[in-house]
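Here the structure is laid out as structure tokens; the discussion comes afterwards.
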Amino acid sequence: ACSGDSPNAGNKNASGGATFLTVGMPNGPQTENHNPFLGTSAGASLGYRWMLYEPLMMWNPVKPADPSKPWLATGAEWSPDFKKVTITVRDNATWSDGQKLTAEDVAYTFNLIKTNEALNSAATPYGEITASGSTVTVTFTNSMFVYKDKWLGQTPIVPKHIWEGIKDPATDANKTPVGSGPYTLKSFTPQTTTLSVRTEGYWQDLPQVKELRYTSYTDNNAQTTALSDGSAEWSFVFIPNYKTVFIDKDPAHYKVWAPPVLGIHGLYINTTKAPFDNVALRKAMSMVVNREDIFNQAEAGYFHPLVTSVTGLPSPAGDAFVAEEYKGKNQTVDVEGAKKVLADAGFKLNGTTLNDPSGKPVKITLTDPSGWSDYQTSLEIVKDNFAQIGIAATVDKANQDAWFRNVEEGKFDATFRWTNGGSTPYDIYQTIMDGKVLKKIGTASPGGNFGRFNSPEATTALAAYANATDDAARKTAMNTIQKIFVEQVPMIPVGADNIGMAYSTKNWVGWPDDTNTYGAGQPTQANALDVVLHLKPANS
Amino acid sequence: MTLSQEAEAPANEVVLEAIGLTKHFPVRRRLRDLFNRTHDAVHAVDDVHLTLRRGRVTALVGESGSGKSTVARLLAQLYPRTAGDIQLHGQSTKVRGGRHFRQYAARVQMIFQDPFASLNPVHTIRYHLTRSLKIHHNAGSNAAELEEALTNLLTRVSLTPPERYLDKFPHELSGGQRQRVAIARALGADPEALLADEPVSMLDVSIRLGVLNLLRDLKERLNLAILYITHDIASARYFADDTMVMYAGRMVEGGDSETVTQTPAHPYTRLLIDSAPDPDRIANMLGDHADRGNGEPPSLIKPPSGCRFHPRCPMAMPRCTTDLPVRLEIGDKPGHWAACWLYDEATVAAEKPGSAAIDHSPEAVTVADHAHPEEVR
Amino acid sequence: MKFLVQRVLFYLFTAWAAITINFFIPRMIPGDPVKSLLARFQGQMSTDAIDSLYVLFGLDKNASVWSQYIDYWKQLFQGDLGLSFTAFPSPVSEVIGDALPWTVALVGITTIISFFIGTSLGVLAGWRRGSWIDGLLPATTFLSSVPYFWLGLLAIYLLAGPDSFFPSSGGYDGAYVPAWDQYFIPSAIQHSLLPALTILISSVSGWILSMRNMMVTVAAEDYITVAHAKGLSDRRVALSYAARNALLPNVSGFALSLGFIVGGTLLVEIVFSYPGLGFLLFRAVGAKDYPLMQGIFLVITISVLVANLIADIAYLLLDPRTRKEG
Amino acid sequence: MSEPVLEIKNLNVDYGLGDQAVHAVRDVNLTLHRGEVLGLAGESGSGKSTLAYGLTRLLAPPGVVSGGQVIYHPEKGDAYDVLGLSDKELQAFRWAETAIVFQGAMNSLNPVHKISTQLTDVLAAHEPQMSSHSRTARAREMLKLVGISPDRMDAYPHQLSGGMRQRVMIGMALILQPQVVIMDEPTTALDVVMQRQILGQLIELRERLGFSVIFITHDLSLLVEFSNRIAIMYGGRIVEEAQASTLYRESLHPYSAGLLGSFPALRGPRRELTGIPGSPPDLKGMPTGCSFHPRCPKAFDPCADNIPVLGNPDTPDGATRTVACWLHPVKQPVS
Amino acid sequence: MTIPTSSIDQVIPGQGAMAQPEPAKPKKEKRRRFRFVSNRKAATGIIVLGIYLLFAIIGPWVAPYDPDARGDQFVAPPSADHWFGTTHLGQDIFSQILVGTRAVMLVGLAAGVLATLLSVLIGVTAGYLGGGWDDSLSALSNVFLVIPALPLIIIVTAAVPGGGDTLVALIIGFTSWAWGARVLRAQTLSLRRRDYIEASRANGESTWRIVIFEILPNLTAIIASGFVGTVIFAVTSEITLAFIGIGSVSSWNWGTILFWAQSQQALAQGAWWWFVPAGLAIAFLGTALSLINFGIDEFVSPRLRSMGKTKVKTASGRTVRMRVGFTPVLDNSAAPHTHASPIPVIGGKPTPVNRSKEAAQ
Ligand SMILES: Nc1ncnc2c1ncn2[C@@H]1O[C@H](COP(=O)(O)OP(=O)(O)OP(=O)(O)O)[C@@H](O)[C@H]1O
Ligand SMILES: Nc1ncnc2c1ncn2[C@@H]1O[C@H](COP(=O)(O)OP(=O)(O)OP(=O)(O)O)[C@@H](O)[C@H]1O
Ligand SMILES: [Mg+2]
Ligand SMILES: [Mg+2]
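Residue numbers (our numbering), protein chains in the order written: chain A, 1093 to 1632; chain B, 6 to 382; chain C, 89 to 414; chain D, 8 to 342; chain E, 45 to 405.
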């Protein structure tokens, strides 16, 4: 073949002067689909949708309480009840086809989502959407307080002139994406997607990374291998024993950074089942869970960052929200304390068996899908921990679908699961305690409250927090929520979600880390674009 | 155990009779036949009349594929028949499995052609015989009686001492011994008629003789009616009282064995007898017979019209090609008949025998000079 | 002729039955694609998305299974396999189309090579009984008892690495776009070597064994003795007489395995991150992606049936005895 | 007639090795003369086929030729030992000098090749210089010779009837005009009419082409009718050998007599059939002495202890026949 | 495809025309029954399998540790304490293997039994009854052949949660009978036409007795090798399922071990001990079963039975290989082999002596 017209000519760059960045995700072969609204698209799965399309604001989930950075919008003014927002759209942004990005486009995008229920994945309660000049005004039927940052920071803005012509935006693969981001699509294959930087028209300085190569690896193993042999420079993947497997391969350059966000994992307990309806028992259980062990053995010492605060809020993301009375109060393993709590509540420890006040031995089945190895490991550890206070635990490696159904229907004793995440602790607590989504055992409650925690007080406080019009009211509500959480132990928090990354500084530097927490590291997050814009060649 | 019914019935009583027995095997239909309505079939047996009498051996001879085995299987009711009737003691019977079949099997038993194949290799002789006795309720009521019945059976077929054979597996016996076991198994049902389908063709000459002698002995001692199927016409002469000749699914000649073998009437029987090896004949004197029997046996799917032998018959007359010959008495001995127009005086008078014969001599036999010496080294 | 019509009718029936089963079985799985999607994102997708996803996947309409079945056939006859859920809204045909060539190329070629190598070695081992090839058999038996995936992982561990010639995953170098040029093709071949070797090692002994046994059986046939008696060269007797007859049963085995190419090597694809159909199916099952599962099953069913048909025809060509019925 | 083509000297064939060996053919001495038909008869398992396969080294494992010589006298040139030939020489010898027709014709023909292919590949192997056109011509001729229309050239074996297949085999055996044709029960699967047709043709061809035949069968009446000389085997040995008519009328060995007394005759007076009592010997546990002695009605002292030697008996026609029996003292042992 | 094609055209023992009447030897039958074991391959296979079975039974008792128990040495290489090393939780891998044997063997054998039963039921019924039964049952098994087994197993395991090993065994059993049924059907078809089946019918045996007592015993070899094949398949399937993390296997089996090893990226961590033992355990079990399978095959088909030596030494000292078409000539001299007495003892009287009179030949 004539090398001149080959698409591959000169692609195998020498590693010297880095011009491209290789990004990997362990998500298997992709199908060409650049629809920015769909979580199932290749763009979302690998994360490059944020390199093509931009949000209005750049929100940093590592520091959720910090104000968002203006991006396509130069500012957003919320009404006190958070039911109306006025957005000012920047005037120097252009689409990659050269057309100017206007407030019309922004309004069109919101309208598109509003009118296509299938695209409204955050269930945003849109009201009126109007554009005038460079501003867009949007009203909502509910308070947007807890959703505002995600909404602004995670809604890709699309060009009206293109999308008007798309018949069904929910089922369109958007094969020739036109966005406002600094990159354009160069090539797509099921394995690798390549983006190249725009030549002109980007509203700020173009990134120094000239080309982004997103490779989709089949599974975690392949991804890890790629990271450790340098063929992937940036990824988000669970690496067991990451020090040996990854870092040690090139300690100078290979790094892992996994900051927590406001979303946690923990052991949900079925609060309707005796004896677990007894708060003392739940409290005692929480006191013996060795989070440290779970963090180190199940999560490889980094993946689900330890949640130490008794409020279940991870640090530093949740620090701003922790109630005064719980500041500095941390979870510790306290077997003796737990025994005491139990004894006080009428439980009896006979040798290695704990009997509940009615005299029955306490048994518990810990369940999680068989393929989820970190959860399974966590359960094994929890099982051992429980044995210390005489609770006989068995680990059930369930089928994933059955587990899903059983958890939603409340048919379980205890299970490891995650909560929703967001820009405030609301999402965490709502998933665990919200009475609005409480269902009878046997009826699915997909929205949360799997442990059937019935506390009208908590429900009220959650609603108060979401709809409050001033900070003080919010603070009060949050404190109430945390108090209930700490005292009632509806769930045993263990670790946080992370939006971290494994990366290499061999070719590129400027990544966020503990010293510079300007954004989340996960390449599929919206602020991955911010990360890429921060990167500089290592040897310059 | 009541194997002794010698005295009960007079000899020569008809035990089993086939009347107009016909069997057509349907041929698998091809696509193009889907559109016409004729159903092709192998005319394996057509209009066969046969009588088995107590204390007599009836031989059925004929070349391979002439339908001998089919007749036997029809008589044993292993195949449903296409037409005709089978009468057991004058009573028309048609059974298909179940109790009735077992009752029929108790009276009519069949011995299969191949002694190497007709015993299940995984079972002992004891099993085979016990089953036969049990099925037909001849096993007695206790173990001792069963043992006695087994011993009796084996003694009857001269497998002595019986203990030596009872617990052997078929493969541990010689062909002749196996054939005797097969016969013993048939006798275990205490039958009146025995259908022996080429019981000796797979055996060695010296072993063969033993089995045939045994059959004759059984006939005499137990007064059985025996159908002896073979294509070895010489053995029919020796062992059978009557001999029937089949050709292409039809009976062509019958009569007492000595007459049929020594003065054959039907041209096919003559061909058969002429072809049988004969040590007394001088070697290499094949000349005039050689081309007589030429030509392949006819297709049984579309059998020739008229007499089925006519395409190969040196005496064929025009009538043979059109009319099916009827049984005609030959007249040399009582009961000797042939289905051949040669014995119909009117026909012979009107047409010259051999006038419709096809000349078969293939050039291969007559043309001499084939080898091209220059090509053969 | 009749034979063919009969075969075709049989294939149609089998295809219908298999497709029907393939339609109903996925629907028996509890759970649905939306839940699976949530599970995949463990916390990063909010439960708020559930409703919109149901609408998106068109699962909000409560059509009866029966009417779905009818619709499925209607779609099938229009060549429409529906939209995949995992890669929504890509059409199933496109998703399969991306994966199929890889599987067919890797596994297909390997199966063919394995068949030829195995059969040739089997011919030798059977013909020259007691020679060194015969001594090889226990070793190959052991190798064929090793699970594919384990062998593959070991191969990656031992042979692949940062400096190794063998890449440990993927179908080609990420720098290239599939194209028929001097960059891509060598890269694709290089990536296929290790998985191909794994498949080869664990599958070849089956062919060797069955061919050897057939050779031994056939070598005892009279016509082989006759062929020797005719003074033909050993080669000719071995190939034209013995192997030619011994091959017949192996051919149907080969055709059958050709059919299973598509679905049978899921694990190799998983282990080597090979972008093929087996892995796709695995993911589809995990994600409750019915349309994709059905599509893949359809492809598998059809390829098995076509392979069988080819086997029938090959038999027809190779064995004159089966040609008897016009 | 008396000139030998094939001399078998002390041929021994075993199945298996060492202790497990079954001696299927023991010290067989036999001479085939030019142009004659030599019949070989004997009970099942007496080693007839083993002898036929053994002398051309066609036995499948575990068969081994454990000793002896097979001296072949070509039409021109010096005699040589077939068992001493190299593989290449043996391949050239086979079929060109000695052809074999086996029992089952269905199994003797390769089911997947046309009969034309199977006929011509003999020519291709032995006469490579021959053009393919003339090969085909030869094959057609051969078919005509055995009475098959040459337009059946392109038929596959299964498309032919049993008789036709057997004729194809005979034609194939004669295609190189060998000196010796060995026929192992060539007609047992056929019915008498077909059998006679085929043998008739064979005899006629032999007269024209002048080859010698070793004819193996159970059917003594057939042998007597068709062969010049007959050899009788028992327990792996030749026990008697004589002119066909002589053997038929006055056999010397009790076993031959038993065989002859076992088959019914179709013509002539009904004679009494005697048969042979007892069962054939087990090759693994051969009786000592004469292997027939346990069944022999005339056995006497020496039979149980000493193996009788095959030689010309002390009878008037003793020079033309041989026998191995203590009843008939040997004048001149066959070496 | 682990069932060698040779089992299709097997030869029934003792059917060959070569079978010789042998003089009565006591206890001969018994010896014949166990001849199978004397086959070296089969014997090796049976011994290895026996060891596995033993551990399946006593494994949990002899295991030095509780396989779930966490220890304090994480991912430690083999040592005196932990023969096969430890996992990321400090669990003892040796104990896991021992304890896991039971589940593997259980599933393998249960699935093997089930699939064999089904294949016999369907194959033999189809073959013996023929007609409409045959057509519909053959169609059924063909459909099951066409449906890809492993994905189906994955789906069904996912569909019926909570069944554990039994379920896995059931599903594997239910999905893997088709091939065996096909082979059995073909064999039954040919058996049905055998004379001895017809003969017992003519003798008056009932259909079910014919099937059970006449046909089935003759299929033993095929059934046995089919069973062995299914067991291999079931074991690999079970392990595969566990390895890819599907199914609700709560107990330990080797697949579970491999699953953990894989999800903890054992090889990348250099923890080969986590990986290798389980794989070898599978491979040896598979090999043992294949060896038994060969043993059965060779036992059944005399043609495959190796004839002991394949090389022989000739008198001249050369070694030649036994091969088809060129019978070895050991000694190429005309000397007599056995010694016939050259000098006849003349004068002996031809009087019959002690010949055992035996009417039956
Ligand atoms: N089940 C069957 N289906 C179709 N045709 C059959 C069947 N059985 C027999 N035939 C045909 O019927 C004819 C007669 O067969 P039969 O077995 O009765 O002959 P035979 O005289 O016993 O021959 P042989 O001497 O070879 O045993 C043959 O042409 C045969 O092909
Ligand atoms: N492979 C073998 N292993 C052991 N013994 C064998 C083998 N083949 C043949 N024999 C034995 O060798 C003896 C001679 O067999 P052979 O086939 O030569 O007999 P035959 O005279 O041709 O018999 P038939 O008339 O039945 O064809 C027989 O007793 C037989 O059992
Ligand atoms: Mg018959
Ligand atoms: Mg023979």
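Where is the CB? At the ideal position from N, CA and C, for every residue including glycine. All figures in this text were calculated on a predicted structure; none of them were measured in a lab.
Separation of R275 (chain B) and L197 (chain D) (C-alpha to C-alpha, rounded to the nearest whole angstrom) is 18 Å. For the C-beta of S334 (chain E), the chain C residues within less than 8 Å are, from N- to C-terminus, T229, S232, S233. D1158 (chain A) is outside the set of residues whose beta carbon lies under 8 Å from a beta carbon in chain E. Close CB contacts of E258 (chain E) within its chain, under the 8 Å cut and outside five residues either way in sequence, are with Y240, I241, S244, E249 (chain order). Of all residues in the stretch 1536-1549 of chain A, only P1538, G1539, G1540 come within less than 8 Å of chain C when Cβ atoms are compared, listed by chain position. Between G282 (chain D) and chain B, the shortest Cβ-Cβ separation is below 8 Å. The C-beta distance from I107 (chain D) to A59 (chain D) rounds to 7 Å, short enough to fall under 8 Å. When the beta-carbon positions are compared, L100 (chain C) and I201 (chain C) stay at least 8 Å from each other. Under the 10 Å beta carbon count, G217 (chain E) is surrounded by 16 or more other beta carbons and is classified as buried. With a threshold of 7 Å, the Cβ atom of K73 (chain B) counts as near ligand 1, since some heavy atom of the ligand is closer than that. Under the Cβ criterion of 8 Å, T135 (chain C) is not counted among the residues facing chain E. For V77 (chain D), the CB contacts under 6 Å within the same chain, skipping 5 residues up- and downstream, are I15, L62, V89, L90 in chain order. Boundaries of the beta strand (DSSP E) around I107 (chain D): 105-108. When the five nearest sequence neighbours on each side are left out, the beta carbons in the same chain lying within less than 7 Å of the beta carbon of K291 (chain D) are those of V29, in order along the chain.
Going by beta carbons, G167 (chain E) and G224 (chain E) fall inside the 8 Å limit.
Per DSSP, the unbroken beta strand (DSSP E) holding P31 (chain B) starts and ends at 19-31. L24 (chain D) belongs to the set of residues whose beta carbon lies under 8 Å from a beta carbon in chain E. Ranked by Cα distance from A276 (chain C), the options C:N110, C:D261, C:V96 are led by C:D261. The beta carbons of E357 (chain C) and F342 (chain C) sit no closer together than 8 Å. For Q96 (chain B), the number of other beta carbons within 10 angstroms of its own is below 16, and it is reported as exposed. The residue from A:N1333, A:T1166, A:R1497, A:P1548 with its alpha-carbon nearest to that of T131 (chain E) is A:N1333. Chain E places a beta carbon closer than 8 Å to that of F237 (chain C), counting this residue as a contact. A contact is defined here as three or more CB-CB pairs under 8 Å, and the stretch 236-245 of chain C fails this definition with respect to the stretch 361-377 of chain C.
For M256 (chain B), there is no enclosing alpha helix (DSSP H); the enclosing beta strand (DSSP E) has its first and last residue at 255-261. Taking the Cβ atoms as the reference, Y329 (chain C) lies roughly 4 Å from A315 (chain C), within the contact range of under 8 Å.
Distance from the C-beta of G67 (chain B) to the nearest heavy atom of ligand 1 is below 7 Å.
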